[in-house]
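In mature numbering (1 follows the signal peptide of the UniProt record, and there is no 0), the protein residues as written are -19 to -1, 1 to 144.
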C-alpha cells in the first residue's frame, strides 16, 4: 500500500515537472522598418535566432520585409531563458542597393523584451550592425573595365602634366 502511495506521489511530481516545461516557453516579437539610404527596402530576409552556448544557435523564425520595408517576426523556444538576436540578410551597400552584395547584420534583442514586443523603429541598413559580414562579387568584365579606365585616366593625367 505504501508502494502505491509513493508511486502516485512521484508520478504526480514527474507530471507537474513535465507540465512546467511547456509553461516555460519564452518568446519575443520584433517589429521595425528597413531602409537603404533614404528609401524603404522590401524582400529583405529577417531571422530571429536563439543563442546557445554549447550548441549551434537555433533558428526560431524567418520573415521578409514588405513593400514599405516593414517586418514583424516572432520566435519562441522551450527553454528556461532565451538569448534572442535578429539576423538581417540584405544587399544595401553604403546606402545603395547592390545585387552583387550579400550583407548580414546581427542585432541583439534586449532581455527586457522577452515576452513582449521589441520595436526597432527604423533600421538603416547602411549602418553596420553587430557581426557585420559583407561579400560583394565583381564580375570579370567589371574588373577589366576598372583596370582599363584606370589606365586611360593615368594616360590623360600624364598628357595634361606634360603640357
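Where a beta carbon is used, it is the ideal one built from N, C-alpha and C, also for glycine. Every value quoted in this text rests on a predicted model; they were computed, and no experiment measured them.
Residue i classed as buried or exposed, judged by whether at least 16 other C-beta atoms fall within 10 angstroms
| i | result |
| --- | --- |
| residue 40 | exposed |
| residue 89 | exposed |
| residue 84 | buried |
| residue 19 | exposed |
| residue 100 | exposed |
| residue 96 | exposed |
| residue 16 | buried |
| residue 24 | exposed |
| residue 108 | exposed |
| residue -10 | For residue -10, the predicted model reports a pLDDT of 48, less than 50, meaning its position is unreliable and no value from the coordinates is stated. |
Endpoints, the beta strand (DSSP E) within which residue i is located
| i | result |
| --- | --- |
| residue 9 | 7 to 17 |
| residue 69 | 65 to 71 |
| residue 89 | 82 to 89 |
| residue 54 | 51 to 58 |
| residue 43 | 39 to 45 |
| residue 116 | 111 to 117 |
One or two residues paired with residue i in a DSSP bridge
| i | result |
| --- | --- |
| residue 20 | 17 |
| residue 104 | 15 |
| residue 95 | Note: residue 95 sits in no beta bridge, so no partner. |
| residue 25 | According to DSSP, which records beta bridges pairwise, residue 25 is partnered with nothing at all. |
| residue 31 | 39 and 65 |
| residue 75 | Beta-bridge pairing links residue 75 to no other residue. |
Length of the line joining the Cα atoms of residue i and residue j
| i | j | result |
| --- | --- | --- |
| residue 34 | residue 5 | 19 Å |
| residue 113 | residue 49 | 24 Å |
| residue 37 | residue 53 | 24 Å |
| residue 167 | residue 9 | Residue coverage of the chain in this structure runs from -19 to 144, which leaves residue 167 outside it and unanswerable. |
| residue 74 | residue 91 | 27 Å |
| residue 77 | residue 117 | 13 Å |
| residue 72 | residue 56 | 24 Å |
| residue 62 | residue 28 | 19 Å |
| residue 42 | residue 80 | 24 Å |
Contact test: residue i Cβ vs the ligand COA heavy atom, cutoff 7 Å
| i | result |
| --- | --- |
| residue 43 | Because no ligand of any kind appears in the structure shown, any question about the ligand COA cannot be addressed here. |
Report task. Pair every Cβ in the region 19 to 38 with every Cβ in the region 66 to 83, then say whether three or more of these pairs are closer than 8 Å. Result -> yes
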